[in-house]
Structure formats: C-alpha cells, structure tokens
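One structure is given below, encoded as structure tokens.
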Ligand SMILES: [Zn+2]
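Residue numbers (our numbering): 735 to 1162.
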C-alpha cells in the first residue's frame, strides 16, 4: 500500500501517450518551511460568520441555516475558543434558537424561515416537515454547546428514523403527507445513524422500548453501494465518491459494523489513498485560462502549467485530495478521505506533510477560513472552512482540539455527551 502512495505523489515518468501527446511534466525542488495555522484569524472568521450577516452568496442557503450554524460553532469548538471568544449569553441564545426550530411532533427544521408559528395547521404543516439533515445538525450543535439534550423530543425523533427507512435499507430526507421524500442518498443514511447514536444512549444501543431502524438492512445497503474500484457510491451501481464513502464508513463505525463482514476493507483503503494528488501550477489557474493554454498555448506554457514542485525529500510539496477520479484537489476531501482513513486506522498511509501544506499554503485565506480550491481570486466559505479545519484536527494540528471522525465534533464534546446520566444508562 505504501508503495502505491509513493507512486501517486512521485513525479510521473511517462506522461506521453500515442493518442493524446502532451508535454513532459517538469519538476522543481525547494526546501519547505513548516507552515503554521493562524488561529486568531480563523477564530475571527468564525465569529464574523456567527455574529454578522453572511455575504449575499449565502442567500439561497437560507433554509440551511442550521447547517451553517453547526459548522461555525463546531469550528470555534475545535479551535478551543468557545468558552473564551463567545459569551455565555450568546451560547444560551444559540441553544434557544435551535430549540425554536424543533417541531411539535419531533425533529428539527433547517431554518426559522419555514416556521408557520400560530398559523400552522394540519394541512399546511406539509410545508414545514422535520428533516433528517437539520435534525442531525441541530443535535450536533447542541452537543457542541454543552446542552444536555433533555429538551430534545428524543422518543419522537427516534421513532421517526425507522419511518424514514426504505425497504432497501436507505433513508429518505423527510416524511411529507405520510410519504417518504428525498433521493437514495448516503448522507441521509449517515445522519439517521448518527442521530440514533446521539439519542439512544449507550452508543446507540439504549432506549430498547423505542422503535429502531433495521441495522442489518442499513449495512446491506452500504455493502451494495461499494463499487468495483473499492470506493462507495450514494447507491448501488453508482460512481465512487469520497463524500459518500465517508458517510458509509462513519455509519458502519457508529453501528459497530466497520469490518470485513460488512465491506471489503483493502480495496476501500486503496481507493481512498489514491485520491491524494500532487499540486500542479495549473491548479492555481482559472479553469478557462488553463483551457486556453491547452487549446492554443505554447508547449512551454503547457509544461509550466503542469510543473510539480518537490521538497528536498523528493516528494511533492503540496498534496490535496479529490473526491473522484480526474477531478481537482478540493479542501473538503482532505476531511472526507482523512476521516475515512482515520476510522479505518490507516491515516498514516497518506502524505500528511503535503496535505498540511496544501491546506495551510494553498487553500487557507488571508481573512481566515479555507477556500474550496487553491485559486488566487477565491474566497473562503463555511463548508470548506470547517472541513479544512477538521482535516487539520485529524492530523493532530497544534492548537486544534482532537476530532471524533465519526461525528465530526470534538472529542471533548462527544465525551461530555457520553458522561450524561441518561446517555450512559441508555434511557429517555
Ligand atoms: Zn469541496
């Protein structure tokens, strides 16, 4: 396996093919300086996200405010600054805001925008259903904020999960008018399993008097979604995708089923490790500019665009991850891949130094947070900023709290939940 990684991050030796000739890839060597995480800037970034209006690009995400809040609170918790850079009053307000998004019948909505308040009736309630994603992000944020979850309608939400499960083992997003709504998506499955773990207590094995999901069917669905190349798709016969793979691996881990009886581990690890790719100069270019060079640029420009810089150890200085074959390295996949390998106890197989440098030198932003891609004109966004930080937490970055890879929350937050009486005893 180690040999395989070395070959990914080593310069390719025969880049030309008779059908698609292209200029050779050039290599440059230099001595790397160890980058550091500018913690203050990152905390400032997250405080701005929580306390001031977000840029107008976020307007279409208004129905997902619970998700944005979860990433923002979770990031400050990972940075260890929740008790110091947020006030007790603010934290109490955020907890109240989340509970106001709880539906009378259990489960959470993703934003107050759909709250019908006193106008809610049996017929118009279809416009404001509980949502498995919003429920997951709400509960995770409450855990991050140190809430004891005693005001969560746990029996109602837990009872909703088996109703959301289909015969094939997959989960829907919402129940609307007694119908299961939403595609077959590994993300819904993961969030249903994570909610089960959060709310049943005893690592998902408590509350035996409340209806449960069918664990065997859940595992069988994941098993069928593993593809010929070892990665996992959103559904059977789909394309392997790192985000879906994380969801599947984390779900199996939370169910205590991450082993050979559920999934083929070796091909999975091989597929995950092969997603690390060396940084080439063109990765910093706008896609259209690079396409112009490919279409009408000189051979020299094409060679320059494909240059890979190596450190004195002969390995590429920067190595990010992509989520599917032939895609660009993108910040979030450092988490989806890194967390999957961490759960499989194989994180040591990647080039951690190259990945740290990719995040801290290529996709971090001057105002704090991380961009999706290493483009000079890029801006940070909430999702990639959280996942970039979470990836660094997995790699034991100095000054960042340890991360629980299965739940994407800090280890401290998870252990605080596990120490609650109702959770430890597995009762409602
Ligand atoms: Zn991404």
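Backbone N, C-alpha and C define an ideal beta-carbon position, used for all residues, glycine too.
According to DSSP, residue i sits in a beta bridge with which residue or residues?
| i | result |
| --- | --- |
| residue 994 | DSSP output for residue 994 lists no bridge partner at all. |
| residue 1098 | 1104 |
| residue 908 | 865, 915 |
| residue 960 | 966 |
| residue 1050 | 1044 |
| residue 899 | 905 |
| residue 1055 | 1010 |
In terms of residues, what are the limits of the alpha helix (DSSP H) holding residue i?
| i | result |
| --- | --- |
| residue 986 | 976-988 |
| residue 1122 | 1116-1128 |
| residue 965 | Neither: residue 965 is in no alpha helix (DSSP H) and is coded neither H nor E. |
| residue 922 | 920-934 |
| residue 1069 | 1065-1077 |
| residue 836 | Residue 836 -> no alpha helix (DSSP H), and no H or E assigned at all. |
| residue 1003 | 999-1007 |
| residue 783 | 773-785 |
| residue 945 | Counting along the chain, residue 945 falls outside any alpha helix (DSSP H), and DSSP gives it neither H nor E. |
| residue 1159 | 1155-1159 |
Go ahead and pull the three-state DSSP assignment for residue i.
| i | result |
| --- | --- |
| residue 1012 | strand |
| residue 755 | Residue placement at residue 755 is poorly supported in this model, since its pLDDT is 47, which falls under 50; the coordinates are not used for a value here. |
| residue 815 | coil |
| residue 1044 | strand |
| residue 1138 | strand |
| residue 767 | coil |
| residue 1060 | coil |
| residue 821 | coil |
| residue 1032 | coil |
| residue 1086 | helix |
| residue 846 | helix |
| residue 1199 | Residue 1199 lies beyond the stretch modelled for the chain, which goes from 735 to 1162, so this question has no answer here. |
| residue 1143 | strand |
| residue 857 | coil |
| residue 1148 | helix |
| residue 1162 | coil |
| residue 881 | coil |
| residue 953 | helix |
| residue 1022 | helix |
| residue 873 | helix |
| residue 1081 | helix |
| residue 938 | helix |
| residue 740 | Model confidence at residue 740 stands at a pLDDT of 35, short of 50, so the residue's coordinates are unreliable; what they give is reported in the following sentence. Helix. |
| residue 788 | coil |
| residue 972 | coil |
| residue 830 | helix |
| residue 1111 | coil |
| residue 807 | helix |
| residue 890 | helix |
| residue 840 | coil |
| residue 851 | helix |
Inset, instruction - Examine the Cβ distances between the segment 820-838 and the segment 846-855 and report whether three or more of them are shorter than 8 Å. - result: yes
Inset, instruction - Tell me, please, whether the segment 1039-1046 touches the segment 1001-1009 by the rule of three or more beta-carbon pairs shorter than 8 Å. - result: no
Legend entry - Touch test, the segment 1015-1027 against the segment 974-989, Cβ-Cβ under 8 Å, three pairs minimum: no
Inset, instruction - Examine the Cβ distances between the segment 1143-1156 and the segment 1086-1098 and report whether three or more of them are shorter than 8 Å. - result: no
Inset, instruction - Specify whether the segment 808-821 and the segment 850-864 touch according to this definition: at least 3 beta carbon pairs, one from each stretch, less than 8 Å apart. - result: no
Inset, instruction - Examine the Cβ distances between the segment 1055-1075 and the segment 1005-1017 and report whether three or more of them are shorter than 8 Å. - result: yes
Inset, instruction - Spell out a yes or no on whether the segment 1125-1134 and the segment 767-786 are touching, meaning 3 or more CB-CB pairs, one atom from each, closer than 8 Å. - result: yes
Legend entry - At least three beta-carbon pairs within less than 8 Å, the segment 1050-1070 to the segment 1093-1111: yes
Legend entry - Stretch pair the segment 897-906 + the segment 947-967: three plus CB contacts closer than 8 Å: yes
Legend entry - Cβ contact (3+ pairs, closer than 8 Å) linking the segment 858-872 and the segment 909-917: yes
Legend entry - Cβ contact (3+ pairs, closer than 8 Å) linking the segment 1081-1088 and the segment 978-993: no
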